[in-house]
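The next block holds one structure in the form of structure tokens; read it before the comments.
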Amino acid sequence: MPVLSMTNIQKSFGENHVLKDISLHVDQREVVSIIGPSGSGKSTLLRCATFLETIDAGEIAYMDQKAVQTVNGKAVYAKNLKPFRKDFGLVFQNFNLFPHRTVLKNVTDAPISVLHRDPKEVKALAEELLGKMGLADRAGAYPCELSGGQQQRVSIVRALAMQPKILFFDEPTSALDPELTGEVLKVIKQLAEEHMTMVIVTHEMAFARAVSDRVIFMDGGVIVEQGRPEDVFGDTQEERTKQFLRHYER
Amino acid sequence: MDLLTIILKMAEGLEKTCAIFFLTLLFSIPLGMVVALLRGSKLKIVSGIARAYISVLRGTPLMLQLIAVTYGPYYLFGISVSRNKLIPVVIAFAINYAAYFAEIYRSGIESMPVGQYEAAEVLGYTKVQTFFKIILPQVIRRILPSITNEIVTLVKDTSMAFTVSYQEMFTIGKQIANSQTSFVPFIVAGVFYYVFNAIVSFVMGRVEKAMSYYKI
């Protein structure tokens with residue numbers, strides 16, 4: 091059973107047709123990287139998967155439960171999306187931590203006040219996760235007191251504390267100094283090794299190649315090529331993909 | 006009349022000055038939030054009414070509003086002007102200040118980065134939870150300097166109650182000034198307002214400091 095099924099997704103912003111009949115299915119324990127030039131629709135795809143954007147047509151299901159289906163050519167959303175939201179987490183490019191709250195409160199509040207989980211258990215889980223991410227001593231700090239890399243690790247912990255079935259990353263290192271990207275990529279890699287189901291939109295090609303089970307190359311609102319990383323990077327089939335990857339060769 | 010007598014007589018009115026001040030804040034701060042939220046409504050008619058409210062109350066003099074609320078009922082419906090003028094005075098002040106507060110709240114709410122809403126939405130917070138837990142605390146922090154500004158102005162504006170002869174400090178001072186042909190009561194009034202505002206500034210400074218434990 092796929093964790094996420096997106097089928098024949100259509101999305102336009104006015105005249106701009108951003109997603110052209112895209113389908114994406116992600117299995118349990120699978121790590122998928124999405125690469126492609128800016129404006130190719132990869133971030134929009136994640137935003138549609140997380141309901142931050144509404145799709146025009148297509149179908150989105152989590153754990154085979156349909157959140158969106160298409161009736162007479164129009165997307166119809168489930169009345170209550172709340173049960174679906176707890177299936178996924180999203181890590182933003184610019185973290186979006188809550189600046190008025192400590193690291194610990196950023197992490198624990200949603201599980202407690204949204205999922206109504208036991209505050210003690212949530213706190214224990216939060217501390218465990220923070221420890222794992224090398225942030226054990228920062229629980230009482232405010233986001234503004236942290237480096238960008240630390241903030242992004244906190245936002246990963248915040249997403250993980252909801253115990254989602256799938257975690258989306260929207261260019262998680264694009265807002266970071268090159269020096270700080272490493273520490274964030276390291277924790278994502280760690281999660282990949284634990285077989286956390288993940289979809290990662292990224293410009294870090296070496297990273298995508300190292301951690302992914304599958305790499306998707308998107309351009310112009312369609313999936314141009316996808317496959318095992320060694321195939322997409324090592325034995326590229328499509329001319330457009332080759333052209334794109336050439337920019338990353340040194 | 007010696008200086009001490011003038012001061013003591015005017016001080017008797019301070020209680021009423023304070024009543025206007027605190028009651029206006031008590032009612033206008035939440036009322037302003039209601040107006041700001043209505044103004045942001047997706048229903049055009051609702052936001053239109055809120056816009057009109059703000060436009061009229063900011064666009065006409067407070068003095069006129071005081072007269073309208075206090076004497077309007079008499080001219081319109083023949084209802085006699087109430088003995089206790091505190092009620093119409095506070096109503097006039099509260100609806101006037103609510104219009105200003107509403108615009109301050111709106112500017113604060115609009116200054117919030119969309120990412121805060123998106124992060125809350127993805128985490129599953131309801132709209133109400135998002136507003137009270139995530140947005141409002143940050144908005145308060147952002148708008149506090151503007152709020153302080155309004156409060157300082159309110160302290161001085163309480164003197165407008167003299168237009169409807171409400172016996173607050175300035176009204177009494179003006180009466181003494183007229184009967185004694187003396188300028189002293191105005192100086193006393195100036196000192197009273199200045200000290201009052203020094204206290205307001207001190208308190209608000211403390212509040213701002215307490216809230217600046219994080220960077221925006």
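These protein sequence lines map, in sequence, to chains A and B.
Under my numbering, residues 91 to 340 are what the first sequence spells out, in order.
Under my numbering, residues 6 to 221 are what the second sequence spells out, in order.
All C-beta atoms, glycine included, are put in the ideal place defined by N, C-alpha and C.
Paired residues, beta bridge with residue i - DSSP
| i | result |
| --- | --- |
| Asn89 (chain B) | DSSP output for Asn89 (chain B) lists no bridge partner at all. |
| Lys110 (chain A) | A:Gln100 |
| Phe259 (chain A) | A:Val181, A:Ile290 |
| Val94 (chain A) | It should be pointed out that residue 94 (chain A) corresponds to Leu in this sequence rather than to Val. According to DSSP, Leu94 (chain A) bridges with A:Val116, A:Tyr152. |
| Phe307 (chain A) | A:Ile125, A:Glu315 |
| Tyr167 (chain A) | A:Val158 |
| Ala265 (chain A) | Paired residue(s): none; Ala265 (chain A) is not in a bridge. |
| Ala147 (chain A) | A:Gln100 |
Selection from the options that minimises the alpha carbon distance to residue i
| i | options | result |
| --- | --- | --- |
| Asp117 (chain A) | A:Val314, A:Ala216, A:Lys255 | A:Lys255 |
| Glu235 (chain A) | A:Leu187, A:Tyr152, A:Glu120 | A:Leu187 |
| Pro136 (chain A) | A:Glu269, A:Lys169, A:Val181, A:Thr263 | Per the sequence shown, the amino acid found at residue 136 (chain A) is Leu instead of Pro. The option with the nearest alpha carbon to Leu136 (chain A) is A:Val181. |
| Ser237 (chain A) | A:His107, A:Leu270, A:Ala168, A:Thr287 | A:Leu270 |
| Ala231 (chain A) | A:Leu281, A:Glu339, A:Lys195 | A:Lys195 |
| Glu20 (chain B) | B:Ile139, B:Ile109, B:Val157, B:Ile177 | B:Ile177 |
| Ile34 (chain B) | B:Phe82, B:Glu108, B:Leu9 | B:Glu108 |
| Val93 (chain A) | A:Gln240, A:Val289, A:Val305, A:Glu294 | A:Val289 |
| Thr287 (chain A) | A:Met295, A:Ser302, A:His293, A:Leu275 | A:Ser302 |
| Asp177 (chain A) | A:Leu257, A:Cys138, A:Gly148, A:Gly126 | A:Leu257 |
| His285 (chain A) | A:Val121, A:Glu143, A:Leu225, A:Phe334 | A:Val121 |
| Gly96 (chain A) | A:Asp227, A:Val277, A:Thr134, A:Leu275 | Looking at the sequence provided, one finds Met at residue 96 (chain A) rather than Gly. Checked all of A:Asp227, A:Val277, A:Thr134, A:Leu275; the closest Cα to Met96 (chain A) is A:Thr134. |
| Ala97 (chain B) | B:Pro78, B:Glu115, B:Phe82, B:Arg111 | B:Pro78 |
| Met153 (chain A) | A:Val166, A:Arg175, A:Ala147 | A:Arg175 |
| Thr263 (chain A) | A:Gln183, A:Arg304, A:Met295, A:Glu315 | A:Gln183 |
| Tyr219 (chain B) | B:Arg146, B:Tyr76, B:Cys23, B:Thr75 | B:Arg146 |
| Cys222 (chain B) | B:Val95, B:Pro66, B:Leu67 | One cannot answer for residue 222 (chain B) here, as it falls past the ends of chain B, which runs 6 to 221. |
| Lys172 (chain A) | B:Leu48, B:Leu128, B:Ala73, B:Val189 | B:Leu128 |
| Glu217 (chain A) | A:Arg191, A:Arg248, A:Gly239, A:His190 | A:Arg248 |
| Val212 (chain A) | A:Tyr167, A:Met252, A:Arg228, A:Glu339 | A:Met252 |
| Thr144 (chain A) | A:Ala300, A:Gln100, A:Asn106, A:Glu105 | A:Gln100 |
| Ile11 (chain B) | B:Ser187, B:Ile221, B:Gln143, B:Arg211 | B:Ser187 |
| Met38 (chain B) | B:Pro190, B:Asp162, B:Val189, B:Leu141 | B:Leu141 |
| Ile4 (chain B) | B:Thr65, B:Ser184, B:Lys14, B:Met209 | Past the boundaries of the shown model lies residue 4 (chain B); chain B is included only from 6 to 221, so the question cannot be answered. |
Contact set for residue i: own chain, Cβ-Cβ below 6 Å, skip 5 residues either direction
| i | result |
| --- | --- |
| Thr326 (chain A) | Lys332 |
| Phe185 (chain A) | Gln241, Gln242, Ser245 |
| His115 (chain A) | Pro92, Ser95 |
| Ala41 (chain B) | Ala107, Tyr110, Arg111 |
| Ala125 (chain B) | Thr135, Ile139 |
| Tyr167 (chain A) | Val158 |
| Phe32 (chain B) | Ala99 |
Neighbourhood of residue i by C-beta, 8 Å cutoff - its chain only, sequence neighbours within 5 removed
| i | result |
| --- | --- |
| Gly45 (chain B) | Ser52, Arg111, Ile114 |
| Gly18 (chain B) | Gln172, Glu173, Met174, Phe175, Thr176, Ile177, Gly178 |
| Pro189 (chain A) | Tyr232, Pro233, Cys234 |
| Leu43 (chain B) | Val51, Ser52, Ile54, Ala55 |
Residues near residue i in its chain [Cβ-Cβ closer than 7 Å; skip 5 each side]
| i | result |
| --- | --- |
| Thr140 (chain A) | Phe178, Leu180, Phe258 |
| Val312 (chain A) | Lys110, Ile112 |
| Phe201 (chain B) | Val160 |
| Thr102 (chain A) | For the sequence presented, residue 102 (chain A) should be read as Ser rather than Thr. Val108, Asp146. |
| Gly131 (chain A) | Val108, Leu109, Met308, Gly311 |
| Val274 (chain A) | Gly239, Gln242, Arg243, Pro262, Thr263, Leu266 |
| Val314 (chain A) | Phe307, Met308, Glu328, Arg330, Thr331 |
Interface positions of the segment 202-231 of chain A facing chain B (Cβ-Cβ less than 9 Å), listed along the chain: Ser203, Val204, Leu205
Do the segment 165-174 of chain B and the segment 88-96 of chain B meet, that is, are 3 or more Cβ pairs less than 8 Å apart? yes
Count the CB pairs spanning the segment 47-65 of chain B and the segment 124-141 of chain B that are closer than 8 Å, and state whether there are at least three. no
How do the segment 144-158 of chain A and the segment 196-208 of chain A stand: do at least 3 beta-carbon pairs fall below 8 Å, yes or no? no
Any C-beta of chain A within less than 8 Å: which residues of the segment 154-166 of chain B qualify? none
Using 8 Å as the threshold, is the segment 162-169 of chain A in touch with the segment 183-195 of chain B, meaning 3 or more CB pairs across them? no
Residues of the segment 245-256 of chain A with Cβ closer than 9 Å to any Cβ of chain B, in chain order: Ser245, Arg248, Ala249, Met252
Give a yes or no on contact between the segment 148-166 of chain B and the segment 207-224 of chain A, applying the rule of three or more CB pairs nearer than 8 Å. no
Cβ pair count under 8 Å reaching 3, the segment 204-211 of chain B against the segment 153-166 of chain B: yes
Just by C-beta distance, which residues in the segment 140-152 of chain B are closer than 9 Å to chain A? Pro142, Gln143, Arg146
With 8 Å as the C-beta to C-beta threshold (strictly closer), list the residues of the segment 134-163 of chain A near chain B in chain order. Thr140, Phe141, Leu142
Contact set between the segment 100-120 of chain A and chain B, restricted to residues whose Cβ is under 8 Å from the partner: none
Give the residues from the segment 40-59 of chain B that approach chain A closer than 7 Å (Cβ to any Cβ), ordered along the chain. none
Members of the segment 182-195 of chain A near chain B, C-beta cut-off 7 Å: Phe182, Asn184, Asn186, Phe188, Pro189, His190
Any C-beta of chain A within less than 8 Å: which residues of the segment 59-79 of chain B qualify? none
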